[in-house]
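Report on one structure; see the data block that follows.
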């Protein structure tokens, strides 16, 4: 693999990369950087943790240094992202890489914060703007943003933006940038939706396909079949007690379940908190900062809320519930195994979810390895192995029904079941039990 010097980046960028400790480009960086410097459009399928953000920021910052124009209040580079957390992360990376380039400024635009602060930043002018589509459209309608001078438009996690219904705002923003712009499109996969978006926004793009490398090389993926909710709870309690888990994200399908699982872990002595869309921006920022500083051992999150979390110390991801989209599985497990480190992903599924598991397997190009925990083996069978109803090999039960694990409730007593938390309650504070104290000292 070549070194960054061979990519002919600005010496000041190389100096920052050296200070950070980055010596060699990742595969996506090695392929994308030369194309972006050459001002070509690209559509790339690169996962989180692959060095994707650097693959577009580094060449764009390089070009801003060699192609100087008269300062205007409008940005020259716009990066659109689906969530506030990802916006903050990408803007932070841009500021980090441009540390030796004080004449370049980056602004971060997202919802959930007062308009006046962002309007004040925009009035000073900027070179790079990282934004969520909704807030950027609001500011455009108020006449606070001029995108006529945009040279490059980046759509980061374009698949997620489409899933969240941002196609209209994205097209409106692209139209405001003008026809001569460069457009860079990054997605977990290159499917028909992405190709349609590409055909409407890009000009003869270079296609870079690197979807499966991150999921297979750095992350061990384990599949645990479960019978019902109580089986899940017993299984996660057993797995989470493993001392090899330094920090973990547990993914759930609902905000309410995220709150209740976080409460459950806290009551069992772990430092834990929830992260979801019903929390205000201050709560979300504080929770992510606690995770980054090692004050949380377990973060329980929904998919959208966890996008953009970049914490190198995360060792495990646990899919308590399967994602609704196969692409979300890749984004979830990409929270661990970052920057070339190893990671572990546990996934819980019922046999009735085998079709969803097959979709994930097709996407990542491999099957998850089945695992069991002694004493907590699933009692049900795969649909393909199940006999006719009423036969000796027939179905012993259905997910959610009683199959020997008892009434679904949180281990730890006190009848602490799902639904005990009232809507609107503030997130529970980190637990102060023995295990939480042990972790806090180590973190």
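Residue numbers (the numbering used here): 392 to 834. All C-beta atoms, glycine included, are put in the ideal place defined by N, C-alpha and C. As the structure is a computational prediction, the values presented were derived from the model and not from experiment.
Asked, Found
"Length at least 4, wholly inside the region 505-566: the alpha helix (DSSP H) runs in chain order", "506-515, 524-532, 549-554"
"N- and C-terminal bounds of the beta strand (DSSP E) containing residue 835", "Past the edges of the chain, shown from 392 to 834, lies residue 835, and the structure says nothing about it."
"Anticipated Cβ contact below 8 Å, residue 513 with residue 541, distance rounded", "Contact doesn't hold; Cβ gap of about 14 Å is too wide."
"Beta-bridge pairing of residue 613 - partner residues as DSSP gives them", "737, 760"
"DSSP-derived helix/strand/coil call for residue 707", "strand"
"Residues of its chain near residue 596, where Cβ-Cβ distance is below 8 Å and the 5 sequence neighbours each way are ignored", "431, 432, 433, 434, 574, 576, 589"
"Endpoints, the alpha helix (DSSP H) within which residue 692 is located", "Counting along the chain, residue 692 falls outside any alpha helix (DSSP H), though it belongs to the beta strand (DSSP E) covering 689-692."
"Under 7 Å between C-beta atoms of residue 470 and residue 407", "no"
"Alpha-carbon to alpha-carbon, residue 678 and residue 661", "15 Å"
"Sheet register partners of residue 597 (DSSP bridge)", "433"
"Proximity of residue 473 and residue 548 at Cβ, strictly below 7 Å", "yes"
"7 Å Cβ cutoff met for residue 708 and residue 652", "no"
"Exposed unless 16 or more other CB atoms sit within 10 angstroms - verdict on residue 394", "exposed"
"Residue 663 (DSSP reduced to helix, strand or coil)", "strand"
"Classification of residue 762 by the beta-carbon crowding that lies within 10 angstroms, buried from 16 upward", "exposed"
"Straight-line gap, residue 612 to residue 419 (C-alpha atoms, nearest Å)", "22 Å"
"Any 3 or more C-beta pairs closer than 8 Å across the region 578-586 and the region 623-642", "no"
"Option in 454, 429, 723, 729 with minimal Cα separation from residue 404", "454"
"Per-residue burial, residue 892 [other beta carbons within 10 Å of its own, 16 or more giving buried]", "No answer is possible for residue 892: the residues shown for the chain start at 392 and end at 834."
"Which of helix, strand or coil DSSP assigns to residue 656", "helix"
"Pairwise C-alpha distance: residue 714 and residue 555", "14 Å"
"Where the alpha helix (DSSP H) through residue 447 begins and ends", "443-457"
"Candidates 745, 750, 741, 748: closest to residue 770 by CA position", "741"
"Boundaries (first-last residue) of the beta strand (DSSP E) holding residue 471", "468-471"
"Whether residue 705 touches residue 638 by CB criterion (7 Å)", "yes"
"7 Å Cβ cutoff met for residue 482 and residue 496", "no"
"Contact check, residue 424 vs residue 448, beta carbons under 7 Å", "no"
"Selection from 630, 674, 477, 558 that minimises the alpha carbon distance to residue 766", "630"
"Bounding residues of the beta strand (DSSP E) (the contiguous stretch that carries residue 500)", "497-500"
"CB of residue 502 within 7 Å of CB of residue 467, strictly", "no"
"Whether residue 711 touches residue 617 by CB criterion (7 Å)", "no"
"Exposure of residue 735, with buried meaning 16 or more beta-carbon neighbours within 10 Å", "buried"
"Residues near residue 668 by beta carbon distance below 8 Å, same chain, minus five either side", "646, 693, 695, 696"
"Separation of residue 523 from residue 621, as counted between CA atoms", "39 Å"
"Which of helix, strand or coil DSSP assigns to residue 636", "coil"
"Distance between beta carbons of residue 564 and residue 528, contact taken as under 8 Å", "7 Å"
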